[in-house]
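Numbering-wise (the numbering used here), the sequence shown opens with residue 14 and increments by one. Ideal Cβ positions, reconstructed from N, Cα and C, are used throughout, including at glycine. This one's a predicted model, so the numbers in the text were calculated from it and none came from an experiment.
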Amino acid sequence: METQIIYGSQYGAAKRYAHRMAERTGIPMIPYDKAEDLTGCSTIIYIGGLYAGGVLGLARTMRNPNFKPKRWFLITVGVSDPQDEETRRAIREQLQKQIPQEWFSKAQIFHLRGALDYEALKPSHRILMSLLYHRTKKQDAETLSAEDRAFLETYQKKVDFVDLNQLEPILEQIQNEL
Ligand SMILES: Cc1cc2nc3c(=O)[nH]c(=O)nc-3n(C[C@H](O)[C@H](O)[C@H](O)COP(=O)(O)O)c2cc1C
């Protein structure tokens with residue numbers, strides 16, 4: 014398969030975007046934990062949920078010895094608002110730390126907004142979020158980043174910021190390059 018959409022999604026938001034992308038382009042989609050054979054895969058569109066700054070499944074996918082795309086696109090899906098410049102910068106800084114430089118410089122990176130339903134979180138995630146909440150809440154309000162504020166505002170709530178229309182400009186850009 015020359016072009017693949019690979020997605021990493023725990024609660025479904027990244028999967029919804031991947032599904033729309035597959036529908037609009039005809040490119041097959043596969044979850045990261047099933048994307049074992051990347052032989053001959055020259056273009057990868059990776060769509061993954063953000064978890065503590067990391068992209069779900071990306072590290073594992075990149076460890077695949079056949080991860081050698083000629084071009085690749087990375088679309089992150091997080092609860093913080095990527096319209097905010099500071100948020101985008103923070104996400105990218107985190108990405109740069111986890112993606113080897115040669116692949117980071119090759120990537121075309123986009124950001125979309127996801128969803129969060131605290132009642133549906135698995136216990137380990139609930140505990141992590143609670144720890145993070147209490148730590149963030151103690152911080153001086155002036156030192157909070159836009160990401161921190163978004164986190165505090167959505168804590169314990171059910172929010173769904175998925176907007177499939179936000180995929181359109183990304184799709185256009187990707188299609189121009191395929
Ligand atoms: C444990 C945990 C950590 C998270 N960390 C981040 C984060 O660092 N940045 C962010 O924007 N969103 C973060 N989120 C929100 C998720 O990125 C959001 O729920 C997204 O929709 C997840 O994708 P998925 O629904 O496809 O799994 C976190 C959510 C959980 C449960």
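Do residue i and residue j have their CB atoms nearer than 8 Å?
{"i": "T149", "j": "L165", "result": "yes"}
{"i": "I19", "j": "I43", "result": "yes"}
{"i": "I58", "j": "F86", "result": "yes"}
{"i": "A120", "j": "E160", "result": "no"}
{"i": "Q23", "j": "L69", "result": "yes"}
{"i": "A163", "j": "S93", "result": "yes"}
{"i": "I88", "j": "F117", "result": "no"}
{"i": "D176", "j": "R101", "result": "no"}
{"i": "S192", "j": "E115", "result": "The displayed coordinates of the chain run from 14 to 191. Any statement about residue 192 would go beyond what the structure contains."}
{"i": "T167", "j": "L141", "result": "no"}
{"i": "R33", "j": "L191", "result": "no"}
{"i": "T74", "j": "A35", "result": "no"}
How many angstroms separate the CA atom of residue i from the CA atom of residue j?
{"i": "G39", "j": "N189", "result": "15 Å"}
{"i": "L145", "j": "R105", "result": "20 Å"}
{"i": "Q169", "j": "Y131", "result": "5 Å"}
{"i": "K83", "j": "A27", "result": "23 Å"}
{"i": "I107", "j": "E99", "result": "The question names Ile, yet the displayed sequence has Gln at residue 107. Cα to Cα, the separation comes out at about 13 Å."}
{"i": "V172", "j": "E185", "result": "28 Å"}
{"i": "Q152", "j": "D97", "result": "21 Å"}
{"i": "D50", "j": "H147", "result": "42 Å"}
{"i": "S137", "j": "G62", "result": "16 Å"}
{"i": "G53", "j": "P113", "result": "21 Å"}
{"i": "D46", "j": "L157", "result": "35 Å"}
{"i": "A72", "j": "E155", "result": "34 Å"}
{"i": "G21", "j": "V90", "result": "10 Å"}
Which residues share a DSSP beta bridge with residue i?
{"i": "Y146", "result": "DSSP lists no partner for Y146."}
{"i": "T100", "result": "Paired residues: none, contrary to the question."}
{"i": "L71", "result": "DSSP, once it has assigned bridges, lists no residue as partnering L71."}
{"i": "P44", "result": "Y20"}
{"i": "G62", "result": "V90"}
{"i": "T56", "result": "T16, R84"}
(request) Could you name the residues whose beta carbon sits closer than 6 Å to any heavy atom belonging to ligand 1, keeping them in chain order? (result) S22, Q23, Y24, G25, A26, A27, K28, G62, L63, Y64, A65, G66, V90, G91, V92, S93, G127, A128, L129, L134, H138, L141, M142
(message) At 3 residues or longer, what runs of the beta strand (DSSP E) sit wholly inside the stretch 81-128?
(response) 84-91, 120-126
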